[in-house]
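The sequence shown begins at 0 in numbering that gives the first Met the number 0 and counts up one residue at a time.
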Amino acid sequence: MPLITMKQVMADSLKKALDPNVDPKERYAVGAFNFSTIPEMVGIVEGAREAKSPVIMMLSLGALKYIGSLELVAATARGIAKQYPEVPFVLHLDHATDLEMIKHAVVCGFTNVMIDASSESFETNIAKSKEIADFAHKHSPYGINGCSVEAELGMLAGHEDNINVSEEDAGKAYTDPALVAEFVEKTGIDALAVAIGTAHGFYKAAPEIKFDLLAEIRKNTDTALVLHGGTGVPEEDFRKCVAMGMSKINVGTGLKKVYTDAVREAIATLPADEYDPRKIVGPGRKAIAAEIAAKSEFFNCAGKADAVLKSIY
Ligand SMILES: [Zn+2]
Numbered sequence: 000m001p002l003i004t005m006k007q008v009m010a011d012s013l014k015k016a017l018d019p020n021v022d023p024k025e026r027y028a029v030g031a032f033n034f035s036t037i038p039e040m041v042g043i044v045e046g047a048r049e050a051k052s053p054v055i056m057m058l059s060l061g062a063l064k065y066i067g068s069l070e071l072v073a074a075t076a077r078g079i080a081k082q083y084p085e086v087p088f089v090l091h092l093d094h095a096t097d098l099e100m101i102k103h104a105v106v107c108g109f110t111n112v113m114i115d116a117s118s119e120s121f122e123t124n125i126a127k128s129k130e131i132a133d134f135a136h137k138h139s140p141y142g143i144n145g146c147s148v149e150a151e152l153g154m155l156a157g158h159e160d161n162i163n164v165s166e167e168d169a170g171k172a173y174t175d176p177a178l179v180a181e182f183v184e185k186t187g188i189d190a191l192a193v194a195i196g197t198a199h200g201f202y203k204a205a206p207e208i209k210f211d212l213l214a215e216i217r218k219n220t221d222t223a224l225v226l227h228g229g230t231g232v233p234e235e236d237f238r239k240c241v242a243m244g245m246s247k248i249n250v251g252t253g254l255k256k257v258y259t260d261a262v263r264e265a266i267a268t269l270p271a272d273e274y275d276p277r278k279i280v281g282p283g284r285k286a287i288a289a290e291i292a293a294k295s296e297f298f299n300c301a302g303k304a305d306a307v308l309k310s311i312y
């Protein structure tokens with residue numbers, strides 16, 4: 000199957016999030032995971048296959064700088080999609096700010112792009128997000144609506160590649176539930192990243208998620224909601240966010256640690272006369288796959304691949 004859009008991968012989850020008659024335990028979110036190398040991309044999809052879950056793979060601007068080419072990433076993702084037809088997955092560009100670069104990603108074949116104008120005024124955020132939504136919905140090589148769009152309202156604290164927001168600044172900028180409906184309507188976006196107390200990177204102390212704020216936001220819009228800063232959020236908080244209608248959860252930093260730890264261990268135990276890179280990178284790829292499968296259980300999206308495919312085809 001071809002790559003699918005984030006709107007498609009979250010459609011079934013969103014339906015369950017919005018239906019008050021659905022048992023909150025039946026709700027689920029799709030996991031979104033950062034990569035910066037091809038073995039990580041393959042590990043992410045292999046983990047999703049193992050868990051029979053849908054998955055989103057994310058390219059940060061830092062990872063793009065390292066890899067050097069949107070075309071290379073898009074072509075690799077298309078190749079992976081052919082090799083793993085049973086896994087519904089999305090190729091997503093995360094926290095991008097340069098409008099021309101985002102449009103280039105759309106044309107290259109990314110199936111979701113995030114325009115992050117959250118540090119700008121409300122009006123500028125709307126104007127930029129709308130420009131990207133209009134473009135992405137029309138200009139994907141996969142046809143009309145072949146690429147969906149995520150935007151952000153409010154600001155998350157923390158550090159991740161090119162993003163640096165102090166906790167003090169972010170505290171002033173939780174997502175304002177009163178602005179959500181207007182933002183979604185005026186921009187035409189497909190998913191909204193919300194700032195409700197999580198942060199990028201590792202936490203010094205467990206984050207305090209504002210569940211009352213999430214409830215208000217969920218009430219005020221029927222668009223899909225995204226939680227950034229998933230590394231280190233306690234399992235019960237993930238489950239609560241999902242039960243309250245979160246459709247996508249981002250995990251970046253935690254996955255880097257899992258990969259690096261496995262590679263470090265592989266190098267330490269490699270006999271001195273062995274020179275096979277597969278014996279170093281391979282365990283990293285396997286560790287990523289195991290982590291994706293574990294997170295799919297927390298997000299309750301394990302076993303949901305078929306439901307996602309049925310909602311599309
Ligand atoms: Zn983020």
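A virtual CB, placed ideally from N, CA and C, is assigned to each residue, including glycine.
1) Please tell me whether, using a cut-off of 7 Å, the distance from the CB of HIS91 to the nearest non-hydrogen atom of ligand 1 is below it.
2) Does ligand 1 have a heavy atom nearer than 7 Å to the CB of HIS138?
3) Check whether the Cβ of LEU155 sits closer than 7 Å to any heavy atom of ligand 1, and report yes or no.
4) Whose C-alpha, out of ALA293, GLY283, PRO1, LYS14, is nearest the C-alpha of LYS255?
5) Could you check the C-alpha separation between ASN144 and TYR312 for me, to the nearest Å?
6) Just mark PRO206 as buried or exposed, buried being the case when its beta carbon has 16 or more other beta carbons within 10 Å.
7) Pull the bridge partners of LYS247 from the DSSP assignment, please.
8) Rounded to whole angstroms, how far is the Cβ of GLU49 from the Cβ of ALA292, which I believe are closer than 8 Å?
9) Please report the residue range of the beta strand (DSSP E) in which ILE114 lies.
10) Buried or exposed for GLU235, going by 16 or more other Cβ atoms inside 10 Å?
11) Restricting to Cα atoms, I'd like to know which of ALA28, THR96, PRO87 is closest to SER59.
12) Please report the residue range of the alpha helix (DSSP H) in which ASP11 lies.
13) Going by other Cβ atoms of all chains shown within 10 Å of its Cβ, with 16 needed for buried, is GLN7 buried or exposed?
14) Which residues bound the alpha helix (DSSP H) around ASP305?
15) Grouping DSSP H, G and I as helix and E and B as strand, with all else coil, what is ILE55?
16) Would you say SER128 and THR75 are within 8 Å of each other, going by their C-beta atoms?
17) When you compare each of GLY142, GLY30, ALA177, VAL193 to GLU149 by their alpha carbons, which one comes out closest?
18) Flag this pair as touching only if the segment 121-139 and the segment 18-33 have three or more C-beta atom pairs under 8 Å; answer yes or no.
19) Looking at the structure shown, is LEU178 part of a helix, part of a strand, or coil, going by DSSP?
20) Is it the case that the Cβ atoms of ALA16 and SER310 are separated by a distance below 8 Å?
21) Any heavy atom of ligand 1 closer than 7 Å to the beta-carbon of ASN111?
22) Given this structure, state the Cα-to-Cα distance separating VAL54 from PHE298, to the nearest angstrom.
So, from the listed chains and residues:
1) Reading the sequence shown from its first residue, position 92 is the one you call residue 91. Checking the Cβ of HIS91 against ligand 1 gives no.
2) Within the sequence shown, residue 138 is the residue found at index 139, counting from 1. False, no ligand heavy atom lies under 7 Å from that Cβ.
3) Taking the sequence shown and counting its residues from 1, the one referred to as residue 155 is at position 156. LEU155 Cβ: within cutoff of ligand 1.
4) Translated into the one-based positions of the sequence shown, residue 255 becomes position 256. Cα-wise, what sits closest to LYS255 is GLY283.
5) Here residue 144 corresponds to residue number 145 of the sequence shown, with the count starting at 1. Here residue 312 corresponds to residue number 313 of the sequence shown, with the count starting at 1. TYR312 has its alpha-carbon roughly 15 Å from the corresponding atom of ASN144.
6) As a first step, residue 206 is located in the sequence shown; it is residue number 207 there, counting from the start. PRO206 is buried by the Cβ-count criterion.
7) Within the sequence shown, residue 247 is the residue found at index 248, counting from 1. Beta-bridge pairing links LYS247 to VAL29, VAL225.
8) Indexing the sequence shown from 1 puts residue 49 at position 50. Indexing the sequence shown from 1 puts residue 292 at position 293. Contact flag correct, Cβ pair sits at about 5 Å.
9) On the sequence shown, position 115 is the one that residue 114 refers to. Segment 111-114, the beta strand (DSSP E) holding ILE114.
10) In the sequence shown, counting from the first residue as 1, residue 235 sits at position 236. With fewer than 16 other Cβ atoms from the protein chains shown falling within 10 Å of its own Cβ, GLU235 counts as exposed.
11) Position 60 of the sequence shown, counting from 1, holds the residue named residue 59. Checking every option, the nearest Cα to that of SER59 belongs to THR96.
12) Indexing the sequence shown from 1 puts residue 11 at position 12. 5-17 is the extent of the alpha helix (DSSP H) around ASP11.
13) As a first step, residue 7 is located in the sequence shown; it is residue number 8 there, counting from the start. That one is buried.
14) On the sequence shown, position 306 is the one that residue 305 refers to. In this chain, the alpha helix (DSSP H) harbouring ASP305 covers 304-311.
15) As a first step, residue 55 is located in the sequence shown; it is residue number 56 there, counting from the start. Under the three-state reduction of DSSP, ILE55 is assigned to strand.
16) Walking along the sequence shown from the start, residue 128 turns up at place 129. Walking along the sequence shown from the start, residue 75 turns up at place 76. A distance of 8 Å or more separates the beta carbons of SER128 and THR75.
17) To locate residue 149, count along the sequence shown from 1; it is residue 150. GLU149 has its Cα closest to that of VAL193, out of GLY142, GLY30, ALA177, VAL193.
18) Cβ pair count under 8 Å is below three, so no.
19) Sequence index remark: in the sequence shown, residue 178 carries index 179 (1-based). Residue state for LEU178 is assigned as helix, using DSSP reduced to three classes.
20) Position 17 of the sequence shown, counted from the first residue, corresponds to residue 16. Position 311 of the sequence shown, counted from the first residue, corresponds to residue 310. SER310 is positioned such that its CB atom lies no closer than 8 Å to that of ALA16.
21) Reading the sequence shown from its first residue, position 112 is the one you call residue 111. Checking the Cβ of ASN111 against ligand 1 gives no.
22) Taking the sequence shown and counting its residues from 1, one reaches residue 54 at position 55. Taking the sequence shown and counting its residues from 1, one reaches residue 298 at position 299. Rounded to the nearest whole angstrom, the C-alpha separation of VAL54 and PHE298 is 11 Å.
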